[in-house]
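Okay, structure first, notes after.
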Amino acid sequence: MLLLAFSGTFFTASATDLPSGDRYKVNIDLTKVQDDKVPVTIKVPEIKEKEIIYNLPKIVPGTYSIYDFGKFLNEFKAYDKKGRELETERLDLNRWKIEDAKKLDKITYWVNDTWDTPNKEDIVFEPGGTNIEAGENFLINTHGFVGYFDKMKQVPYELTITKPERFYGATPLVASSSTATSDTYVIPSYMELVDSPLMYNKPDTTVLKIGNADVLVSVYAPSGKVTSKTVAKELEKVLNAQKNYLGGSLPVEKYAFLIYVAEKPNRTGAYGALEHSYSSVYYFPDMPEQMMADQVRNIAAHEFFHVVTPLSIHSEEIGNFDYMNPKMSQHLWLYEGVTEYFATHVQVNQKLIDKEEYLDKLKEYLAGANAFNDSLPFTEMSKGALDKHKKEYGNVYQKGALIGLALDIRLRELSDGKYGVLNLMKDLSKEYGKNKAFKDEELFDKIAQLTYPEIRDFFRKYVEGTQPLPLTEMFKKVGVNYATNGTEPRQTLGRFTIGFDPKSRRLIVADTENMNAFGKKMGFKKDDQLISINGEDMSPETAAEVLEKNVKYAPEGSRITVVVNRKNAAGKMQEVKLKGRLMKTLEKTENQLSLDPMATPKQKKLRDAWLYGGL
Numbered sequence: 001m002l003l004l005a006f007s008g009t010f011f012t013a014s015a016t017d018l019p020s021g022d023r024y025k026v027n028i029d030l031t032k033v034q035d036d037k038v039p040v041t042i043k044v045p046e047i048k049e050k051e052i053i054y055n056l057p058k059i060v061p062g063t064y065s066i067y068d069f070g071k072f073l074n075e076f077k078a079y080d081k082k083g084r085e086l087e088t089e090r091l092d093l094n095r096w097k098i099e100d101a102k103k104l105d106k107i108t109y110w111v112n113d114t115w116d117t118p119n120k121e122d123i124v125f126e127p128g129g130t131n132i133e134a135g136e137n138f139l140i141n142t143h144g145f146v147g148y149f150d151k152m153k154q155v156p157y158e159l160t161i162t163k164p165e166r167f168y169g170a171t172p173l174v175a176s177s178s179t180a181t182s183d184t185y186v187i188p189s190y191m192e193l194v195d196s197p198l199m200y201n202k203p204d205t206t207v208l209k210i211g212n213a214d215v216l217v218s219v220y221a222p223s224g225k226v227t228s229k230t231v232a233k234e235l236e237k238v239l240n241a242q243k244n245y246l247g248g249s250l251p252v253e254k255y256a257f258l259i260y261v262a263e264k265p266n267r268t269g270a271y272g273a274l275e276h277s278y279s280s281v282y283y284f285p286d287m288p289e290q291m292m293a294d295q296v297r298n299i300a301a302h303e304f305f306h307v308v309t310p311l312s313i314h315s316e317e318i319g320n321f322d323y324m325n326p327k328m329s330q331h332l333w334l335y336e337g338v339t340e341y342f343a344t345h346v347q348v349n350q351k352l353i354d355k356e357e358y359l360d361k362l363k364e365y366l367a368g369a370n371a372f373n374d375s376l377p378f379t380e381m382s383k384g385a386l387d388k389h390k391k392e393y394g395n396v397y398q399k400g401a402l403i404g405l406a407l408d409i410r411l412r413e414l415s416d417g418k419y420g421v422l423n424l425m426k427d428l429s430k431e432y433g434k435n436k437a438f439k440d441e442e443l444f445d446k447i448a449q450l451t452y453p454e455i456r457d458f459f460r461k462y463v464e465g466t467q468p469l470p471l472t473e474m475f476k477k478v479g480v481n482y483a484t485n486g487t488e489p490r491q492t493l494g495r496f497t498i499g500f501d502p503k504s505r506r507l508i509v510a511d512t513e514n515m516n517a518f519g520k521k522m523g524f525k526k527d528d529q530l531i532s533i534n535g536e537d538m539s540p541e542t543a544a545e546v547l548e549k550n551v552k553y554a555p556e557g558s559r560i561t562v563v564v565n566r567k568n569a570a571g572k573m574q575e576v577k578l579k580g581r582l583m584k585t586l587e588k589t590e591n592q593l594s595l596d597p598m599a600t601p602k603q604k605k606l607r608d609a610w611l612y613g614g615l
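Positions 1 to 615 (full-length UniProt numbering) are the ones given, in order, by the sequence shown.
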């Protein structure tokens with residue numbers, strides 16, 4: 001799940017120069033936690049209406065789920081300047097009506113965190129939720145703590161966080177003032193407030209300089225097994241590649257990675273990230289440090305590209321988001337699909353991986369897209385991603401990426417290799433930018449106007465229409481052979497599902513349902529802990545190298561000894577040696593991609609332009 005966001009998070013002169021009465025003055029007090037709740041006090045701007053409605057979001061951009069953040073708010077009260085309580089009425093889960101609003105001076109309430117809610121129906125994906133751990137950690141996704149009055153989303157906010165001593169607030173925001181016990185930020189509007197998460201805890205931070213941007217990496221890992229320094233080291237590689245990919249500079253001056261590493265299982269059973277314009281929030285289970293760094297790097301390759309879209313390119317539906325009754329854009333192919341395409345294409349373009357490794361990544365998109373309805377127009381799915389087509393949403397990261405791929409190759413073909421999707425994003429950014437939204441129904445025509453008339457037909461057929469992407473024809477143009485299915489003899493450890501046991505910190509046999517003949521002959525069992533292969537340790541960090549050396553590229557028929565830990569009849573773990581000889585098994589293959597050894601000079605030229613062309 002990725003949070004689509006849209007505006008800057010730095011306070012501006014126009015906001016800070018306003019009289020203090022023309023803003024919301026919010027205090028969130030992290031030093032007064034009671035039963036996993038914190039108090040929120042808001043001194044309100046001038047109200048001219050007789051009655052006013054205060055709202056907490058029903059949904060926030062990009063989560064594509066109704067969360068009703070008002071459910072986590074308790075003891076809502078309103079007061080006049082003399083401290084007298086005004087009459088209030090709770091209209092529904094997310095709205096409170098206040099009478100005699102002209103007299104209103106402040107409102108107060110308590111906010112409960114979402115992470116440990118006892119109700120299954122109230123569970124929120126952790127990176128988009130709130131965490132309140134007294135004296136330990138506070139994840140402040142602002143949409144879970146602060147709301148807005150009707151018709152007053154554009155009024156600035158002065159946000160003060162009262163914090164425990166020695167706590168640091170990691171955020172993309174720049175504090176207007178800061179002391180040992182409080183930080184204050186001035187934010188131009190509610191939309192930008194929602195776009196500005198904060199994480200407070202004792203600091204473990206590293207700052208990277210990537211081109212013109214300062215990148216903050218903040219990690220909260222109570223086990224101490226994961227540090228910001230190691231994560232930042234991995235991030236630096238991909239962020240520098242992305243900077244070069246975008247022409248040598250970034251469209252942001254500050255960016256923050258907020259990373260929470262949990263010691264115990266979570267309620268959702270999922271992990272990942274939510275993206276904002278100038279930051280991203282990550283939630284991970286505890287795992288070995290290098291494994292964690294790899295996970296963050298892989299996901300960040302996608303998240304960071306949102307600085308292009310929708311930060312610089314977005315529709316009116318995104319730019320003026322309705323938190324109570326949202327209207328969805330038809331352009332998820334752009335927001336998520338092109339972003340995901342860039343996340344993998346940058347790696348081959350900047351030569352972090354070779355061509356064959358990149359084709360393997362494309363195979364994953366092809367396989368993933370097979371699980372969804374290919375005849376459903378992508379624009380229709382996008383518009384209905386909240387409700388009617390909610391189950392199809394995951395295709396934005398699969399077919400959406402393939403749409404980006406197909407569009408890139410088509411643009412390179414029409415321009416003799418000189419113009420691709422990256423160039424298109426740059427031109428769209430110039431045409432619109434972060435402060436100007438496009439009309440949803442006009443984007444395809446605008447793209448055709450900026451590029452080639454044939455591109456309008458591309459969108460008409462493959463994005464608005466029901467025609468499947470012309471994959472075989474598309475790959476042939478760049479000298480890549482594409483086979484939808486077939487069989488191939490392969491040498492594997494058994495094709496069982498591998499998992500990770502955080503308690504033992506070992507890889508395990510998570511499932512044997514699809515195990516092949518070799519795995520059955522070796523005798524692997526569900527829940528076996530993998531200890532070594534031919535005497536070489538099978539840790540999460542070494543597994544890939546050990547498997548390649550001792551299985552994938554070892555001579556067929558050579559001896560193999562796998563040591564596992566397995567529960568005996570008494571329920572205790574004991575070491576078991578599994579022995580055999582390597583054998584190939586015939587496996588079904590789908591969506592096979594390979595470089596055509598007979599590719600023509602024309603195909604090779606277009607392939608190089610597609611893979612390695614820049615701005």
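Even glycine gets a Cβ: it sits at the ideal position worked out from N, Cα and C.
- About 4 Å separates the Cβ atoms of residue 303 and residue 280, confirming a contact at the 8 Å cut-off.
- For residue 429, the uninterrupted alpha helix (DSSP H) segment begins and ends at 421 to 431.
- With distances taken between CA atoms, residue 510 lies nearest to 497 out of 119, 519, 497.
- The beta-carbon separation of residue 402 and residue 424, rounded to 16 Å, does not stay under the 8 Å limit for a contact.
- In this structure residue 443 is buried. Its beta-carbon is surrounded by 16 or more other beta-carbon atoms within 10 angstroms.
- In this structure, the alpha-carbon of residue 332 lies about 10 Å from that of residue 380.
- For residue 373, no beta strand (DSSP E) run applies, since DSSP gives it neither H nor E.
- The beta carbons of residue 112 and residue 163 sit about 19 Å from each other, so the pair does not count as a contact at 8 Å.
- By the Cβ rule, the segment 96 to 107 does not count as touching the segment 116 to 127, because fewer than three pairs are nearer than 8 Å.
- Residue pairing by DSSP places residue 208 opposite 215 in a beta bridge.
- Taking residue 514 as the centre and dropping the five residues before and after it, the same chain places the C-beta of 495, 496, 497 closer than 8 Å to its C-beta, in chain order.
- In summary, residue 553 is exposed, with fewer than 16 beta-carbon neighbours lying within 10 Å of its beta-carbon over all protein chains present.
- Note on geometry: alpha-carbon atoms of residue 56 and residue 596 lie some 56 Å from one another.
- Residue 305 has no beta-bridge partner at all, per DSSP.
- For residue 592, the closest of 559, 482, 492 by C-alpha to C-alpha distance is 482.
- In this structure, DSSP gives residue 535 a state outside helix and strand, which the three-state scheme calls coil.
- If you compare the alpha carbons of 517, 393, 276 with that of residue 378, the shortest gap goes to 393.
- Close CB contacts of residue 327 within its chain, under the 6 Å cut and outside five residues either way in sequence, are with 317 (chain order).
- Counting of Cβ neighbours within 10 angstroms places residue 530 among the buried residues, the total reaching 16 or more.
- Counted as a single uninterrupted DSSP element, the alpha helix (DSSP H) harbouring residue 520 occupies residues 517 to 522.
- When DSSP assignments are scanned along the segment 279 to 347, the uninterrupted stretches of alpha helix (DSSP H) that are 4 or more residues long and fall wholly within it turn out to be 289 to 303, 316 to 319.
- Shown here for residue 462: same chain residues with a beta carbon closer than 6 Å to its own, the five before and five after excluded, namely 469 in chain order.
- Distance from the Cα of residue 337 is smallest, within the candidate group 287, 398, 367, for 398.
- Spatial neighbours of residue 563 in its own chain (CB-CB distance under 7 Å, excluding positions within 5 residues in sequence) are listed in chain order as 531, 532, 575, 577.
- Looking at the DSSP output, residue 137 shares a beta bridge with 133, 201.
- Going by DSSP, residue 411 is part of the alpha helix (DSSP H) stretching over 399 to 414.
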